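Residue numbers (the numbering used here): 29 to 266.
Listed below in structure tokens is the structure:
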């Protein structure tokens with residue numbers, strides 16, 4: 029997909045239709061078995077992943093249109109979205125000669141894309157899932173031979189009326205969706221219903237529309253009940 033975008037000379041130029049890039053990739057990379065429709069859908073799924081800044085740490089593709097959201101909304105059809113190479117994607121292809129280079133399984137990468145952007149692949153009997161990493165931490169680990177993998181979200185407390193506190197979650201760990209049937213919001217609601225989590229009076233999603241399809245902070249807010257002994261206004265808990 030990246031080489032098809034490179035061949036179309038999309039860096040710092042106008043966007044092109046995703047359907048055109050998928051067609052170019054199908055012509056340049058013969059596939060074993062299955063129909064072109066199935067192979068094209070798989071290629072488009074990968075193009076969507078590279079364009080989502082909540083799926084990759086360093087986005088390889090700059091996408092225009094609906095490429096889905098962190099709420100698990102699906103992307104639009106490939107006829108209605110438009111990609112072009114982003115900075116990191118162009119860096120991966122910087123050493124290729126011209127835009128008509130033959131497809132190659134090994135790219136002259138200028139940074140360890142597999143580690144910094146992670147990967148998710150499945151096949152019969154095998155599953156690979158590598159979380160994204162910070163490029164500076166990768167460089168430090170390479171230099172010292174030691175490193176850590178941090179998978180965590182971010183949250184803080186805010187005071188709300190009636191002496192209660194809201195636990196505001198602004199960043200989710202890698203691989204955790206905010207919306208959908210198995211997203212963070214639904215899971216918290218399920219645990220409250222099953223009484224496995226107590227002290228929650230309300231649960232709200234106050235994310236802006238801008239946060240849905242970008243890395244802008246989300247705002248998932250479970251509001252804690254106050255008790256009469258610790259309520260700041262000494263009022264009856266409601």
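For glycine and all other residues, C-beta sits at the position ideal for the given N, C-alpha and C.
In this text the structure is predicted, and so the values were computed from the model without any measurement.
Whole angstroms are fine: how far does the CA of residue j sit from the CA of residue i?
| i | j | result |
| --- | --- | --- |
| residue 183 | residue 122 | 39 Å |
| residue 141 | residue 149 | 15 Å |
| residue 174 | residue 51 | 43 Å |
| residue 74 | residue 188 | 42 Å |
| residue 31 | residue 146 | 19 Å |
| residue 221 | residue 193 | 20 Å |
| residue 55 | residue 65 | 13 Å |
| residue 48 | residue 178 | 38 Å |
Residue j and residue i - do their beta-carbons sit closer together than 9 Å?
| i | j | result |
| --- | --- | --- |
| residue 181 | residue 161 | no |
| residue 89 | residue 79 | yes |
| residue 207 | residue 46 | no |
| residue 109 | residue 94 | yes |
| residue 213 | residue 219 | no |
Give the single residue among the options whose Cα lies nearest to the Cα of residue i.
| i | options | result |
| --- | --- | --- |
| residue 42 | 112, 78 and 178 | 112 |
| residue 163 | 54, 69, 63 and 86 | 86 |
| residue 227 | 235, 216 and 234 | 216 |
| residue 158 | 143, 214, 116 and 165 | 143 |
| residue 139 | 124, 117 and 156 | 117 |
| residue 205 | 106, 101, 38 and 109 | 101 |
With H, G and I counted as helix, E and B as strand and the rest as coil, what does DSSP make of residue i?
| i | result |
| --- | --- |
| residue 184 | strand |
| residue 68 | helix |
| residue 91 | strand |
| residue 225 | coil |
| residue 239 | Because residue 239 sits at a pLDDT of 43, beneath the cut-off of 50, its placement in the model cannot be relied upon, and the following sentence gives the value as read from the coordinates. Residue 239 falls in the helix class under three-state DSSP. |
| residue 108 | helix |
| residue 148 | strand |
| residue 233 | strand |
| residue 156 | strand |
| residue 98 | coil |
| residue 48 | helix |
Take the Cβ of residue i as the centre, count every other Cβ of all protein chains shown within 10 Å, and call the residue buried at 16 or more, exposed below.
| i | result |
| --- | --- |
| residue 40 | exposed |
| residue 230 | exposed |
| residue 186 | exposed |
| residue 153 | exposed |
| residue 203 | exposed |
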